[in-house]
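Visitor: Using numbering that gives the first Met the number 0, read the sequence shown as starting at 0 and increasing by one per residue.
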Amino acid sequence: MIEQDLLRRFLFEELGVRGEWVKLTTSWQAAKQHQRGSENVQQQLGQALAAVVMLSATVKFKGSMILQAQGDGDIKTLVAQATDQRKIRGLVRGKENVTVGSLESMFGHGRLVLTIESQNGHPYQGIVPLHGSNLAAALQTYFEQSEQLKTRLWLFANATHAVGLLLQELPAQENYQADWEHIEILANTVTEQELFDLDCEQLLYRLFHQEKVRLFDPEPVEFSCACSRSNIEKTLFAMGRTELEDILKERDIIEVTCEFCSEHYRFDKVDVENILSQQNAATDSETRH
């Protein structure tokens, strides 16, 4: 059976290196159907989604990890999100047609932000300049600067699949330098076509058949958007009565479309009044308690 929409984690049992492999198919197509732009633009989103799925599996948390690239070039914003349950969504904003090149040529001057929004604690955020030949190179720089962990990524996307391979040294491993260099040399022979065509076991055998590799159970990945009417109601309430009433003076309906999944929400004057009344009642109740 062909593997797709799966994350596979693996470990070199006798070496201080771990790895991950991901192939997105249905989930990738579901995510990109809601985004505009040429195939070149969408490829950047596919690479980011493959990356954030793998990165989210390198740490233990309950919540979501968000990878965001922002710049002043042809691509203005790129957002890829994955939860601890391997649910993904993403968006890209910029010019319809962008020539593939370095990050600077596509995004201009910008930054790469990695955020963990944990249900059990304060958010964590790391930021690095948006430099490098591609997203994989920028993320490698992020891990070397922010986490002090040697990391290599291979990221590719086309109209059908978004794929990725990650290798990372294990923290606090003695004599890891020789291990890392050995595995990196072997991994550098991988090709883009192999990542698209081969299943995880086939790829690991092709690259590392002389090593003892433990392959963990597959983890399904799916597209899922966390937007909801109640979340948007909270956003509208935060805008305040004056701003909402000003909007309703210009038009009878407030319309909101989710940028991730294109879900459309409509709020008329009665809806807005109910939102303000209910949220105020909830706030008053919390204050009394």
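Glycine included, every Cβ here is placed at the ideal spot set by N, Cα and C. Computed from a predicted structure; not experimentally measured.
Within 10 angstroms of its Cβ, does Leu-164 collect 16 or more other Cβ (buried), or is it exposed?
Guide: Result: buried.
Visitor: Going by alpha carbons, who is nearest to Phe-106 out of Glu-168, Glu-200, Ala-137, Gln-201?
Guide: Per the Cα distances, Ala-137.
Visitor: Looking only at its chain, what residues have a beta carbon closer than 6 Å to the beta carbon of Glu-218, apart from the 5 residues adjacent to it on each side?
Guide: Only Leu-6, Arg-85 meet the Cβ criterion.
Visitor: Helix, strand or coil, according to DSSP, for Thr-82 in the structure here?
Guide: If DSSP states are grouped into helix, strand and coil, Thr-82 belongs with the strands.
Visitor: In three-state terms, what does DSSP make of Ile-126?
Guide: Strand at Ile-126.
Visitor: With a CB to CB cut of under 6 Å and the five nearest residues on each side skipped, what residues in its chain are close to Ser-145?
Guide: Answer for Ser-145: Gly-125, listed in chain order.
Visitor: If I measure Cβ to Cβ from Glu-2 and keep anything under 8 Å in the same chain, skipping five residues before and after, which residues do I get?
Guide: Closer than 8 Å at Cβ, skipping near neighbours: Lys-22, Asp-198, Cys-199, Pro-217.
Visitor: Any idea if Asn-133 is buried or exposed, counting beta-carbon neighbours within 10 angstroms, 16 or more meaning buried?
Guide: That one is buried.
Visitor: Can you list, in chain order, the residues of its chain with a C-beta nearer than 8 Å to that of Thr-256? Leave out the 5 residues immediately preceding and following it.
Guide: Hits under 8 Å: Glu-262, His-263, Tyr-264.
Visitor: Apart from the five residues just before and just after Leu-203, which ones in its own chain have a Cβ nearer than 6 Å to its Cβ?
Guide: For Leu-203, where only same-chain residues beyond five positions count, the Cβ hits under 6 Å are Val-212.
Visitor: Based on Cα-Cα distance, which residue from Gln-167, Ile-74, Val-189 lies nearest to Leu-129?
Guide: It is Ile-74 whose Cα lies nearest to the Cα of Leu-129.
Visitor: What would DSSP say about Val-271, mapped onto helix, strand or coil?
Guide: Val-271: helix per DSSP, three-state reduction.
Visitor: Under a three-way DSSP split, which group does Val-51 fall into?
Guide: Helix, per DSSP.
Visitor: Do Gln-34 and Ala-161 have their beta-carbon atoms positioned less than 8 Å apart in this structure?
Guide: No, they are not a contact pair.
Visitor: Please state whether DSSP places Ser-37 in a helix, a strand or coil.
Guide: Of the three classes helix, strand and coil, the one that applies to Ser-37 here is coil, per DSSP.
Visitor: Can you tell me whether DSSP reads Gln-192 as helix, strand or coil?
Guide: Looking at Gln-192 - three-state DSSP - the assignment turns out to be helix.
Visitor: My understanding is that Phe-289 touches Ala-56, with C-beta atoms under 8 Å, so please give their C-beta distance in whole angstroms.
Guide: Any property of residue 289 remains undetermined from this structure, which presents the chain solely from 0 to 288.
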